[in-house]
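Asks: Have a look at this one before I ask anything.
There are 2 protein chains.
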Amino acid sequence: MELQIAVAKIEKYATSQSGDTVEVVERPNGGISVVMADGQSSGRGAKWISTLVVRKVIALLADGVRDGAAARAASDSLFTERKGKVSATLNIFSVDQQSGTVVITRNNPAAVLISLDEKIQILDDPCLSVGIYRGTRPLITEVPIEKGLTTVMFTDGLIHAGSRYGETMDIITCFQASLESENPSPQLIADDLLAYALRLDQGRPSDDITVAVLRVMNLSGDNVRRMFVRLPLEP
Amino acid sequence: MELQIAVAKIEKYATSQSGDTVEVVERPNGGISVVMADGQSSGRGAKWISTLVVRKVIALLADGVRDGAAARAASDSLFTERKGKVSATLNIFSVDQQSGTVVITRNNPAAVLISLDEKIQILDDPCLSVGIYRGTRPLITEVPIEKGLTTVMFTDGLIHAGSRYGETMDIITCFQASLESENPSPQLIADDLLAYALRLDQGRPSDDITVAVLRVMNLSGDNVRRMFVRLPLEP
Numbered sequence: 003m004e005l006q007i008a009v010a011k012i013e014k015y016a017t018s019q020s021g022d023t024v025e026v027v028e029r030p031n032g033g034i035s036v037v038m039a040d041g042q043s044s045g046r047g048a049k050w051i052s053t054l055v056v057r058k059v060i061a062l063l064a065d066g067v068r069d070g071a072a073a074r075a076a077s078d079s080l081f082t083e084r085k086g087k088v089s090a091t092l093n094i095f096s097v098d099q100q101s102g103t104v105v106i107t108r109n110n111p112a113a114v115l116i117s118l119d120e121k122i123q124i125l126d127d128p129c130l131s132v133g134i135y136r137g138t139r140p141l142i143t144e145v146p147i148e149k150g151l152t153t154v155m156f157t158d159g160l161i162h163a164g165s166r167y168g169e170t171m172d173i174i175t176c177f178q179a180s181l182e183s184e185n186p187s188p189q190l191i192a193d194d195l196l197a198y199a200l201r202l203d204q205g206r207p208s209d210d211i212t213v214a215v216l217r218v219m220n221l222s223g224d225n226v227r228r229m230f231v232r233l234p235l236e237p
Numbered sequence: 003m004e005l006q007i008a009v010a011k012i013e014k015y016a017t018s019q020s021g022d023t024v025e026v027v028e029r030p031n032g033g034i035s036v037v038m039a040d041g042q043s044s045g046r047g048a049k050w051i052s053t054l055v056v057r058k059v060i061a062l063l064a065d066g067v068r069d070g071a072a073a074r075a076a077s078d079s080l081f082t083e084r085k086g087k088v089s090a091t092l093n094i095f096s097v098d099q100q101s102g103t104v105v106i107t108r109n110n111p112a113a114v115l116i117s118l119d120e121k122i123q124i125l126d127d128p129c130l131s132v133g134i135y136r137g138t139r140p141l142i143t144e145v146p147i148e149k150g151l152t153t154v155m156f157t158d159g160l161i162h163a164g165s166r167y168g169e170t171m172d173i174i175t176c177f178q179a180s181l182e183s184e185n186p187s188p189q190l191i192a193d194d195l196l197a198y199a200l201r202l203d204q205g206r207p208s209d210d211i212t213v214a215v216l217r218v219m220n221l222s223g224d225n226v227r228r229m230f231v232r233l234p235l236e237p
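Keeping their order, the protein sequence lines are chains Z and A. So that you can map any letter, position 216 of the first sequence is 218 in my numbering, and since no number is skipped, the others follow by simple counting. So that you can map any letter, position 46 of the second sequence is 48 in my numbering, and since no number is skipped, the others follow by simple counting.
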């Protein structure tokens, strides 16, 4: 088997910086984590907040701290730093090779989607963003690593795409359609969701949007680890 | 224009963990950095060292510290932690959108390659690995961000590929050949170099090998930032 993770990300129209932050980090006992945060409001202030949260989490994960404890620490840290006045959403996907599971951590009202064999499960139990209250805890879901498992997380820019024009983003239908293509890559799934949102927003996203997709697939070819980053540069 | 970064990475044959570490991190003032370290020896001990070095560097870069200062700090930190008894090589590629340059940091006897318009420049001035002496300084080269600029860094596993079988890895010729394909992606360049090394090592790499390639290209399509990670899982 192999694991693939893809992230697609765009900033709110006419802002120079996205308030969303995503980082990928190796886990000290094997596996990998993707950490995504969306800082309250937009622009530089939001970026500062989401960066603080993500950095706190990845530093702890890199030390071998469990995901839930890392999320609680990030919340308390932001609460202490900003006296409960600013919030951020936080999600973590971790592939834990010790436990043989994907660990899904949510401090984000937005749902996380899980699919296996084209059946989609929606994780949308109520949970709080980090930073507002002392002692905020994440919701944690653990699922075995198995072929075909796909998990999707996103920031709320995806949910609200099109709302300025009276349109509604149907994330589940779009995800289902991507899953029906032949052995879809996570990059295809993430790109499809983001492209759909951008169409609804008429090419001018009304909020920062980030989509991250993790997928367990058949091993295709070699044993090489690969990483790829694409960054459009301003002219 | 857009920037693409690709990493290809494999561990020494019959070891469970590579001693090389690579992480990509956003820079707080715009742009991105790729940090690569190769810890002395192989397996878990080497991984511990390279992780320490990379984490130190990315934490400082994320705080806005300049690359040279971050590399010096990582060296002093490893020197202090391990009393000068262990070393690691360290390379950084940073795309600094404030200065409009790619900043290349070397604490690695292995060369860094730069290409523009298919002309290849070899950065191989002598420099020291980090961790052995107090006050080790990196070599820094700064080049303007321009279309077609390609930079390549690698760990010494690439250089020594095939040596067990009396073969010699001709990195420059392989890189030149990749550049001659039509608008090669950095992933193609990294994969070509690693595939060549694996052939020379008869599919059983005698050391951890990491190749990272950065390339400035024409903007192709949308303004979406993308990230992709592929991780083969043990059966």
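Glycine included, every Cβ here is placed at the ideal spot set by N, Cα and C. All values derive from a computational prediction rather than experimental measurement.
With a cut-off of 8 angstroms on the beta carbons, I'd call S20/Z and D210/Z a contact; round off their distance for me.
Replies: Right, the Cβ-Cβ distance comes to about 4 angstroms (below 8 angstroms), so this counts as a contact.
Asks: In chain A, what lies closer than 7 angstroms to A10/Z by C-beta?
Replies: Result: V226 and R228.
Asks: Starting from E148/A, find everything on chain Z with Cβ-Cβ shorter than 8 angstroms and list it in chain order.
Replies: Going along chain Z, no residue has its Cβ under 8 angstroms from E148/A, so there is no contact; the nearest lies around 11 angstroms.
Asks: Does DSSP classify I147/A as helix, strand or coil?
Replies: In this structure, I147/A counts as coil in the three-state DSSP scheme.
Asks: Could you tell me which whole beta strand (DSSP E) segments of length 3 or greater appear in the segment 117-191 of chain A?
Replies: Entirely contained in the segment 117-191 of chain A, the beta strand (DSSP E) runs reaching 3 residues are, in chain order, 121-125, 141-146 and 152-156.
Asks: Quick check on A192/Z - is its C-beta less than 9 angstroms from some C-beta in chain A?
Replies: Yes, contact with chain A.
Asks: In whole angstroms, what separates the C-alpha of A75/Z from that of L221/A?
Replies: Roughly 40 angstroms between the two C-alpha positions.
Asks: For the segment 5-25 of chain Z and the segment 200-218 of chain Z, state whether three or more C-beta atom pairs, one from each stretch, are separated by less than 8 angstroms.
Replies: The segment 5-25 of chain Z vs the segment 200-218 of chain Z: in contact.
Asks: S208/A by DSSP, collapsed to three states: which one?
Replies: Three-state DSSP puts S208/A in coil, outside helix and strand.
Asks: Starting from E25/A, follow the alpha helix (DSSP H) in both directions and report where the run begins and ends.
Replies: First-last for E25/A: D22 to E28, but that is the beta strand (DSSP E), not the alpha helix (DSSP H).
Asks: To the nearest angstrom, how far is it from the Cα of L115/Z to the Cα of L92/Z?
Replies: Rounded to the nearest angstrom, the two C-alpha atoms are 15 angstroms apart.
Asks: Could you confirm whether any beta carbon from chain D is found closer than 9 angstroms to the beta carbon of P186/Z?
Replies: Note that chain D does not occur in the displayed structure, where the protein chains are Z and A.
Asks: Taking the alpha carbon of S1/Z as the reference point, which residue from S52/Z, G159/Z and Q6/Z has its own alpha carbon closest?
Replies: Residue 1/Z is absent from the model: chain Z starts at 3 and stops at 237.
Asks: Mind checking whether L181/A and I122/A have CB atoms under 9 angstroms apart?
Replies: Closer than 9 angstroms, so yes.
Asks: Which of the three DSSP states, helix, strand or coil, is assigned to E13/A?
Replies: Looking at E13/A - three-state DSSP - the assignment turns out to be coil, as it is neither helix nor strand.
Asks: Find the residues of chain A that neighbour M3/Z, judging by a C-beta separation of less than 9 angstroms, and give them in chain order.
Replies: Under the 9 angstroms cutoff, chain A gives P234, L235, E236 and P237.
Asks: Which term fits Q42/Z, buried or exposed, when burial requires 16 or more other beta carbons within 10 angstroms of its beta carbon?
Replies: Classification for Q42/Z: buried.
Asks: Measuring alpha carbon to alpha carbon, tell me which residue in N225/Z, S89/Z, L216/Z and R228/Z is nearest D98/Z.
Replies: Out of N225/Z, S89/Z, L216/Z and R228/Z, L216/Z has the C-alpha closest to the C-alpha of D98/Z.
Asks: List the whole-angstrom C-beta distance separating V37/A from I51/A, where the pair is believed to meet the contact cut-off of C-beta under 8 angstroms.
Replies: In fact, because the Cβ distance is near 14 angstroms, the residues do not count as touching under 8 angstroms.
Asks: Could you tell me the alpha carbon to alpha carbon distance between E169/A and A199/A, rounded to whole angstroms?
Replies: When rounded, the distance between both Cα atoms is 10 angstroms.
Asks: Residues in the segment 91-113 of chain Z with C-beta within 9 angstroms of chain A's C-beta atoms, listed in sequence order?
Replies: Those would be V97 and Q99, in chain order.
Asks: From A163/A to Q178/A, what distance separates their C-alpha atoms?
Replies: Each residue's Cα considered, the two are about 18 angstroms apart.
Asks: Starting from V97/A, trace the beta strand (DSSP E) in both directions and tell me its first and last residue.
Replies: Element bounds for V97/A: A90 to D98.
Asks: So, under 8 angstroms CB-CB, V104/A and I142/A are touching, yes? Tell me the CB distance rounded to an integer number of Å.
Replies: So it is not a contact: roughly 11 angstroms between Cβ atoms.
Asks: Kindly indicate which residue of E120/A, S89/A, R139/A and V226/A has the alpha-carbon position closest to the one of T175/A.
Replies: Of the listed residues, the one whose Cα sits closest to T175/A is E120/A.
Asks: By how many angstroms is the C-alpha of A73/Z removed from the C-alpha of D126/Z?
Replies: C-alpha separation (whole angstroms): 18 angstroms.
Asks: What does DSSP give as the partner residue(s) for L202/Z in the beta ladder?
Replies: According to DSSP, which records beta bridges pairwise, L202/Z is partnered with nothing at all.
Asks: Quick one: residues in its chain with C-beta nearer than 8 angstroms to the C-beta of P188/Z, no 5 flanking neighbours on either side, listed in chain order?
Replies: Closer than 8 angstroms at Cβ, skipping near neighbours: Q6, I7, A8, T152, V215, L216 and R217.
Asks: List the residues of chain A that L221/Z touches, going by C-beta distances under 7 angstroms, in chain order.
Replies: Near L221/Z (Cβ distances below 7 angstroms), the residues of chain A are P234.
Asks: To the nearest angstrom, how far is the alpha carbon of N31/A from that of G66/A?
Replies: C-alpha separation (whole angstroms): 7 angstroms.
Asks: Does V145/Z have its Cβ less than 9 angstroms from a Cβ in chain A?
Replies: Answer no: the Cβ-Cβ gap between V145/Z and chain A never drops below 9 angstroms.
Asks: Can R228/Z and F230/A be called in contact, C-beta distance under 9 angstroms?
Replies: In contact: R228/Z and F230/A (Cβ atoms closer than 9 angstroms).
Asks: Helix or strand or just coil, what does DSSP make of E4/Z?
Replies: DSSP places E4/Z in strand when its eight states are reduced to three.
Asks: Whose C-beta lies closer than 6 angstroms to the C-beta of D69/Z among residues of the same chain, with five residues either side of it excluded?
Replies: Correct list, in chain order: I94, S96, V105 and T107.
Asks: Below 8 angstroms on the Cβ atoms is my guess for G86/A versus I134/A; work out the distance and round it to an integer in Å.
Replies: Confirmed, Cβ separation roughly 5 angstroms.
Asks: Cα separation between G102/A and S117/Z?
Replies: When rounded, the distance between both Cα atoms is 43 angstroms.
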